[in-house]
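Undergrad: When we follow the numbering used here, the leftmost residue of the sequence shown carries the number 149, and every step to the right adds one. Beta carbons: idealized from backbone N, C-alpha and C, even for Gly.
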Amino acid sequence: MGTEPDVVMRSIWVHGSYMKALERDVLLAGLEIQDALLGQTIDFDPKLSAGLGKAVDHDAPLSLEMRDSFHAINGLSEQSWFFHSPLLYWSCSRDAIAEDDDIVSTINESSRRSTSVNVTLRHSIVFSGKRFEDQRLVAADALVITLVHKLDSPVGRQWERQAQALAQSSASPWRIYPRDGRVNNSQVYEFKFQPLSLQDDIFLAIAYSITVIYFLLSLTKLRALRSRFGLMLTVVAQTVISIMGSFTICAILKVDLSRVPREVYPLVVMAVGLENMFRLVNAVIITPSQSKTSTRIAEALGHIGPIALAGVGQDLLILYLLSKVVAPGVAAFCVFAAVALIFDFVLLLTFFVAVLSVDVRRTELSDSLETVKSQRKKLGAAKPKSRNAWVNAVLSGKTPISTRIAGTIVMVCFILVLQGHFFDNESPIRTLSRALQFIRPDHQLPPPTPASRLSVDINQARSPTAWLRMQDHETAREVIQVIKPNTHSYVARVYDPLVFVLDSSDRTPTKAGVRRFLPAAYDFARHQSIIFVVSVLIVVAAVSLLMNYLLWNEEDTSQDDDGTIHKEDPLMTVTTLTPGHDLDVVMLSASPDGVVVSVGLDRRIRVWDLRQNDRSHYISPTTNELCPFPILAMAIDEQAEWVALLSVTGRLMLWNTNDKKWGPSGIIGTEARAPPLFSFKHPKPGAIASLLLVWTSGSLIEVNFHLESANQIVELQPWDGLISSAKQFVSKPTIADAEPSLHIVVLTTKGSIYLASQLDGKWESINIPLFTPDNSQKAKAILPLPKIGLLLAITDNTVALIHISTQETLHTFTDLDARPSSIQCFHSAKRHAFCGHNGLTSFSLAYNSRSTGDPILRTYSPSQEGDLICTAPSQSPTNPPCNTWTSAILTIHKVPHDGPWQALPCGAIVGVTKRRASRRPSPVDSSSRKIGDSSCASGLRRRTGTPRAQSADETDGWEAWTLSAKGEMHSVDLGGDGDSGRGQLFVTGCETMARVGRRSVALGFGNMVKVVMVGNERFEGEEGAQE
């Protein structure tokens, strides 16, 4: 070959029994051979002979001083030399080896020891056939002693002479291969350590800059994501995890990645991984915003998953093909890239999808506004197409498949660049030959100098060629600094090793010490398993807490914007609260936090806490003075801490549900009828509880209970006339740091509506005028909607929608065949409309028909999907910016059931009805049917306390039903939980009902209290509810 080597490398391998090179006799034999080849090396310190070198005859023996004077530490010349040997761990001292009680520990502790020329004595260069356990070397098959010398070094010639002399010696306790001690076979290798040049740094900087710019530009186009910064952190975290995991797997598989600078590893992962991430994000964005989060994610994965999987498979195939034709160092990089792509794909389907689903759930979508804007733009003149439309398409990922393979093109080009910069003694011609051999197996590579074969197979654990290929890249860099300082490569003529095998050794391969799994598995189990388990527990706990915090106050994704319940949601469930009363339940009260209070004809009051597995307790009077019966009214405060009971005697009493004891009480007087309003309010400073009462006579009473002082009772008369209805509500302030304001809206028997507001402790009342098509009609009922700032004023056949702040009538719903007192309402969450005010995606009125008595549900929705019905007053009649009530679409659903019902904030009405004996109940927990099915029934039962098993065909039964705004109906057997036998009275009517939370109602079913739940109820209070 025409390349002139810089140095010559000669080595000897000393074997004992198979994988027992670390035994004392092998080390002593190796020291004897080393001293025979090089001369005495005990306490080797060549600096002591500096300056003694002089010209010597070609074949003249060398004294120790002359030998050491030519050492590389004394100056680099054409006679320089140095050597590596495991015996340097003991300073080449026979006595030190003989006295060492723990040879293995000495070897592991000295693995970072350096020679006199600062070359680290790593295990990889002084041992062959190594075996590790717990990150420690425990066995080796051969001692490797290497001599590195310049071409004209007399030490190299002495090594050759002494090797032949050892082979001719008949008294040696070892066998030598080759027999004559002459090693003629050699090969020229180029060891290269090529750091990145300035040109390479500029290239990498440009590549990373383009990637970052592409990422940021793509990120700015994701308008439907709430947290772009969070998404950016997710991408960075996924890339880092993929790279770290790939390094770990490659280390376990012993893939040498040291030949390629670490700066280049993230680029391929980012180029390919970002492509799949943005595909998935864009696919989620184009899914209908009205769908559930899980549905949107599933639909996006259904579209993008196969494409991403095919893309990863394509890249893996390309990497496999490239690894067959590139240099070994670049092939290792291909292995790393393949592992990283697999990691990235798995994290895409797990980690990234999870984070994206949370972000989608928290997104404040503006599709309705964009729809309006796009409709406005369609009316204008068409704009000319921009010249950079293709560039925008590339950045937004809307181009054909040719631009979708950008990541693959970057990966292939980058590997080709690496092939041109980092290769081991391999020319482009040889690379082409390697490619031809892969395409045509019959094409042979230009063979290197054939390696010698031992005349006798001694079962070496690792061949010399394999040992040479696994040398650490850092070792090559250290040798370069000795042989050719300030350069990045050197060429060496490497001779095949001279092998010594001890006569008493057994070279039969054994499985002794070989474990079933890789050493890394045992290292992880012993040293990292506890840390790993603890880290996983901490991460899971932290993520759970973070998710609960982020999603605690979010809208319930189990419903659409119009409040309808998905078919995928859990169906209706019925829970019977036990033990029940002895006689019928006649009064119920409930709080949104899940506390229910029931009063029975057995003169018992029971408090139920649905948040604590339906735990309950009795409220029992201790004296006749505190006996609340007969009870006129009952209420529960917002925190479900106090229960207020008003007796017909005029005594007002408090019961503490937490301490289960009576609180303060007082006499406030009474009237013959129950008060139209009896509820708690936010307590005044110093008071433990405050209540408001509105009597039919028109008086307003505010009671403040104190523990340490007398109760404060304030009586006002803010209205004229008798009161037929009164509703209390709290409106949220429009100014930051302001306190919520308390209001009471009342309806007099003459049809007048008054709004009383408490400002600075004083009550101020105003009259709200009612304007209807027929002004002669008077209001018969009122219903405030505080979450959207509206009020319903109900007459005999109309419902007026009044804006509370301005007292302006927004719309009048006419031709209603409704019983005024039965009207209830629910609506979607308010959103910011295009005009700047609030809007709704649906608005529903539920009532009993005046003529039939059956429930009717009327739902109003925008005329176009994605629009909003504006709830702001004083809209311009010409070209209004939002949909008005007059343009809304009306959908009517009729329920052929009698019995009580209740509207729920989740967007449905729930009721109970009797079931005909001829109709068999559904075999499953609930059933769905069309509204047109007939299910009206009537009948009587004998009341008895003795249960009797009867089928649905033999007797009438009761069922609970729910109807969504879209007309979807479900029902469930009211006694289907199997606990209505013992102690359950037969039921002829069911009229007592109270709303609990957003999705539940409590009803008095004979002497039992049952809770009907639609979906999953969290009992999160009024803050989590909507009207």
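DSSP three-state call for residue 493: helix, strand or coil?
TA: For the purposes of this step, residue 493 is identified with residue 345 of the sequence shown, where counting begins at 1. Helix, per DSSP.
Undergrad: Which partner residues does residue 735 have in the DSSP bridge list?
TA: By one-based count along the sequence shown, residue 735 stands at place 587. Beta-bridge pairing by DSSP links residue 735 to 747.
Undergrad: Mapping the DSSP letters down to three states, classify residue 474 as helix, strand or coil.
TA: Translated into the one-based positions of the sequence shown, residue 474 becomes position 326. Residue 474: coil per DSSP, three-state reduction.
Undergrad: Do you know offhand how far residue 893's Cα is from residue 934's?
TA: Taking the sequence shown and counting its residues from 1, the one referred to as residue 893 is at position 745. Taking the sequence shown and counting its residues from 1, the one referred to as residue 934 is at position 786. Between residue 893 and residue 934, the C-alpha separation is close to 11 angstroms.
Undergrad: According to DSSP, which residues form a beta bridge with residue 956?
TA: Residue numbering aside, residue 956 sits at position 808 when the sequence shown is read from its first letter. 951, per the DSSP bridge assignment.
Undergrad: For residue 1109, which of helix, strand or coil comes out of DSSP?
TA: In the sequence shown, the residue the question calls residue 1109 occupies position 961. Residue 1109 falls in the strand class under three-state DSSP.
Undergrad: With 8 angstroms as the threshold, decide whether the Cβ of residue 1151 is near any Cβ in chain D.
TA: No chain D is present in this structure, which holds just one protein chain.
Undergrad: Can you tell me which of 954, 847, 927, 958 puts its alpha carbon nearest to the alpha carbon of residue 911?
TA: Within the sequence shown, numbered from 1, the residue matching residue 911 stands at position 763. For the residues 954, 847, 927, 958, the minimum Cα distance to residue 911 belongs to 847.
Undergrad: Could you pull the DSSP bridge partners for residue 893 from this structure?
TA: Locating residue 893 in the sequence shown gives position 745, counting from the first residue. Paired residues: 875, 903.
Undergrad: Just verifying my parser: in three-state terms, what is the DSSP assignment at residue 765?
TA: Counting from one through the sequence shown, the residue named residue 765 turns up at place 617. In this structure, residue 765 counts as strand in the three-state DSSP scheme.
Undergrad: Between residue 600 and the rest of its own chain, which residues show a CB-CB distance below 6 angstroms, the 5 nearest in sequence each way excluded?
TA: Within the sequence shown, the letter at position 452 stands for residue 600. Reliability of the predicted coordinates at residue 600 is poor, the pLDDT of 44 falling under 50, and the value obtained from them is presented with this limitation in mind. Hits under 6 angstroms: 333, 644.
Undergrad: Since residue 737 and residue 784 are thought to touch, with beta carbons under 8 angstroms apart, how far apart are those beta carbons, to the nearest angstrom?
TA: Position 589 of the sequence shown, counting from 1, holds the residue named residue 737. Position 636 of the sequence shown, counting from 1, holds the residue named residue 784. With 8 angstroms as the limit, residue 737 and residue 784 qualify as a contact, their Cβ atoms being about 6 angstroms apart.
Undergrad: Taking Cβ to Cβ, would you say residue 873 is nearer than 8 angstroms to residue 929?
TA: Locating residue 873 in the sequence shown gives position 725, where the first residue counts as 1. Locating residue 929 in the sequence shown gives position 781, where the first residue counts as 1. Closer than 8 angstroms, so yes.
Undergrad: Does the beta-carbon of residue 386 have 16 or more other beta-carbons within 10 angstroms, so that it is buried, or is it exposed?
TA: If you number the sequence shown from 1, residue 386 lands on position 238. Result: buried.
Undergrad: According to the Cβ coordinates, are residue 671 and residue 282 closer than 8 angstroms?
TA: Taking the first residue of the sequence shown as position 1, residue 671 is located at position 523. Taking the first residue of the sequence shown as position 1, residue 282 is located at position 134. It is a contact, given that the beta carbons lie within the stated cut-off.
Undergrad: Are the CB atoms of residue 936 and residue 988 nearer to each other than 8 angstroms?
TA: Start at 1 with the first residue of the sequence shown, and residue 936 comes out as number 788. Start at 1 with the first residue of the sequence shown, and residue 988 comes out as number 840. Cβ atoms of residue 936 and residue 988: closer than 8 angstroms.
Undergrad: Any idea what DSSP makes of residue 167, helix, strand or coil?
TA: Sequence index remark: in the sequence shown, residue 167 carries index 19 (1-based). Three-state DSSP puts residue 167 in coil, outside helix and strand.
Undergrad: Between residue 271 and residue 357, what straight-line distance do the alpha-carbon atoms span, to the nearest angstrom?
TA: Locating residue 271 in the sequence shown gives position 123, where the first residue counts as 1. Locating residue 357 in the sequence shown gives position 209, where the first residue counts as 1. Each residue's alpha carbon lies about 41 angstroms from the other.
Undergrad: From what residue to what residue does the alpha helix (DSSP H) around residue 932 run?
TA: Translated into the one-based positions of the sequence shown, residue 932 becomes position 784. Where residue 932 is concerned, there is no enclosing alpha helix (DSSP H), although the beta strand (DSSP E) it sits in stretches over 929–933.
Undergrad: What's the gap between the Cα of residue 1161 and the Cα of residue 1152?
TA: Sequence index remark: in the sequence shown, residue 1161 carries index 1013 (1-based). Sequence index remark: in the sequence shown, residue 1152 carries index 1004 (1-based). Using only the alpha carbons, I get a separation of about 15 angstroms.
Undergrad: Comparing C-alpha positions only, which one of 1113, 832, 1115, 1135 sits nearest to residue 1105?
TA: As a working note, residue 1105 is residue 957 in the sequence shown. It is 1135 whose Cα lies nearest to the Cα of residue 1105.
Undergrad: Pull up the CB-CB distance for residue 1050 and residue 1058, whole angstroms please, since I reckon it's below 8 angstroms.
TA: Here residue 1050 refers to the residue found at position 902 of the sequence shown. Here residue 1058 refers to the residue found at position 910 of the sequence shown. With 8 angstroms as the limit, residue 1050 and residue 1058 qualify as a contact, their Cβ atoms being about 6 angstroms apart.
Undergrad: So what's residue 243 in DSSP terms, helix, strand or just coil?
TA: Here residue 243 corresponds to residue number 95 of the sequence shown, with the count starting at 1. It is helical.
Undergrad: Between residue 804 and residue 730, what straight-line distance do the alpha-carbon atoms span, to the nearest angstrom?
TA: For the purposes of this step, residue 804 is taken as the residue at position 656 of the sequence shown. For the purposes of this step, residue 730 is taken as the residue at position 582 of the sequence shown. Cα to Cα, residue 804 sits roughly 24 angstroms from residue 730.
Undergrad: How many Å lie between residue 786 and residue 424 at the Cα?
TA: If you number the sequence shown from 1, residue 786 lands on position 638. If you number the sequence shown from 1, residue 424 lands on position 276. In a straight line, the C-alpha of residue 786 is about 49 angstroms away from that of residue 424.
Undergrad: Helix, strand or coil for residue 687 per DSSP?
TA: Here residue 687 corresponds to residue number 539 of the sequence shown, with the count starting at 1. The three-state reading of DSSP puts residue 687 in helix, counting H, G and I together.
Undergrad: At which residue ranges does the segment 983–1024 contain complete beta strand (DSSP E) runs of 3 or more residues, listed in the order of the chain?
TA: 986–988, 991–996, 1003–1009
Undergrad: Is the segment 315–333 close to the segment 295–306, with three or more CB pairs under 8 angstroms?
TA: no
Undergrad: In three-state DSSP terms, what is residue 859?
TA: The sequence position of residue 859 within the sequence shown is 711, counting from 1. Of the three classes helix, strand and coil, the one that applies to residue 859 here is coil, per DSSP.
Undergrad: Can you tell me which of 331, 1008, 650 puts its alpha carbon nearest to the alpha carbon of residue 176?
TA: The residue labelled residue 176 in the question sits at position 28 within the sequence shown. For the residues 331, 1008, 650, the minimum Cα distance to residue 176 belongs to 650.
Undergrad: Under 8 angstroms: do the segment 213–221 and the segment 162–172 share three or more Cβ pairs, one atom per stretch?
TA: no
Undergrad: In terms of residue numbering, what span does the alpha helix (DSSP H) encompassing residue 254 cover?
TA: Along the sequence shown, read from residue 1 onward, the residue named residue 254 stands at position 106. Counting along the chain, the alpha helix (DSSP H) containing residue 254 begins and ends at 251–257.
Undergrad: Pick from 363, 974, 182: whose alpha carbon is nearest that of residue 1006?
TA: Position 858 of the sequence shown, counted from the start, is the residue given in the question as residue 1006. Of the listed residues, the one whose Cα sits closest to residue 1006 is 974.
Undergrad: Looking at the unbroken beta strand (DSSP E) that takes in residue 803, where does it start and where does it end?
TA: What you label residue 803 is simply residue 655 of the sequence shown in a count that begins at 1. Counting along the chain, residue 803 sits inside the beta strand (DSSP E) bounded by residues 799–804.
Undergrad: Please determine, among 756, 1039, 328, the residue with the shortest C-alpha to C-alpha distance to residue 648.
TA: As a position in the sequence shown, residue 648 is number 500, starting the count at 1. Of the listed residues, the one whose Cα sits closest to residue 648 is 328.
Undergrad: Looking at C-alpha atoms only, which residue of 251, 944, 218, 225 is the closest neighbour of residue 234?
TA: Here residue 234 corresponds to residue number 86 of the sequence shown, with the count starting at 1. Comparing Cα positions, the closest option is 251.
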